[in-house]
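UniProt numbering puts the sequence shown at residues 1 to 367.
Ideal placement from N, C-alpha and C gives every residue a C-beta, glycine not left out.
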Amino acid sequence: MTLPGEGVAERGAGAKKSGAVTVRQWLPSLLWLLLLAAVILSACLGAVTISFSEFYSIVAHKAGLSQAINYEPQQEAVLFTLRFPRVLLGVLVGAGLAVSGAAMQGLFRNPLAEPGLIGISSGASLFAVAVIVLGNKLFASFLEQLGYYALSIAAFTGASLTTMLVYRISVYRGKAVITTLLLAGIAINALSGAFTGLFTYVATNEELRNITFWSLGSLGGATWDNIKVLFPFIIVPLIGLPFLSKSLNALALGESQATHMGVNVDLVKRLVIVLATMAVGASVAMCGIIGFIGLIIPHIIRMIAGANHKTVIVCSALLGAVVLTLADLLARTIVAPAELPIGILTAIIGVPVFIYIIFKEKRARQL
């Protein structure tokens, strides 16, 4: 199956090959600049407004580069206690979701593939809902010992267990079969959804509000402690997945061809699934379900720079971080002083973009 943007990239390469190379060269630098701008903008805007000069003064003073204090103490407290943890959480989660989506699409050779397809999100949701509904009845000691982190740990455990189950079902004669992996993922997603619906049905009004808030996604609970917990689960996939880009490029030709080219296909499958589960499971556990980042972002990168995974994976991580950071800025300012769940906002933005990409690809294939 041709990946989205691949046909367009091939035609573009045939007409102007050097142009495609140029895009792959400048796109990462542009995305780094966009990410820096998004971080500064998101850190400065909010209920307590901080100008750029005040932002620079605060950061320079904290870094020991300046002794001048041209800001209010409240602004410093807001910036370092609330804004920076939230912005950094958005950067990590956006990058993790997008890079996992890019790797999954390459692994399955399917433009509609995303980490949720193999049960990561649904498993995390099921275990989180189970803790919300049954926590005081069956997991009282668990909740007491882990406190605030109980829900996150339960969600990550659910994501890991469902992914392991789907993978084990797909294994035939020691190798994971992609078609079986997809079918098993669909089945486990349906089963997890059914049990989640059952827990929702028996939940109390207060539990329903907690379930709804968690399932719609939010970065509102960001703290430096959360960042410390999440960081290793995101940074390992961000470092590891780009090293698999050549293998994913070979897999685009088919598993047989990739094997003949010396790629250990089964090892690549395991690594991609494990790394994607780490990133998505930890993100969902910390922030709830945030849709469309892992699906849309790789499409956009392929349309701009072609289907080479060396570019797609790195640039997807950067663009995912930019998009989620800006989406969170909108979520907490567009209906201020209230806060819009970020999952709603990413869906509102993602669906039109996805439809546009579909029509663009359709027109390109008709030429």
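Residue state for A336 is assigned as coil, using DSSP reduced to three classes. Burial state of H260 is exposed, judged by a 10 Å Cβ sphere holding fewer than 16 other Cβ atoms. Distance check between G294 and each of I358, V93, I50 and C44 places V93 closest, using alpha-carbon atoms only. Assignment of beta strand (DSSP E) within the stretch 94 to 147, counting only whole runs of 3 or more residues, yields no such run.
Straight-line spacing of the CA atoms in I178 and L79 works out to 46 angstroms. The stretch 155 to 172 makes no contact with the stretch 97 to 113: fewer than 3 CB pairs, one atom from each, lie closer than 8 angstroms. The three-state reading of DSSP puts A307 in coil, since its state is none of H, G, I, E or B. Taken atom to atom, the span from the alpha-carbon of I50 to that of A43 is near 8 angstroms. The beta carbons of G158 and F127 sit closer together than 7 angstroms. Straight-line spacing of the CA atoms in T162 and A184 works out to 10 angstroms.
Membership of V268 in the alpha helix (DSSP H) is indicated by the continuous run V265 to C287. Segment contact: the stretch 234 to 243 against the stretch 289 to 304, fewer than three CB-CB distances shorter than 8 angstroms; contact not assigned. The C-alpha of V272 is placed about 16 angstroms away from the C-alpha of S283. Secondary structure at Y71: coil, using DSSP grouped into helix, strand and coil.
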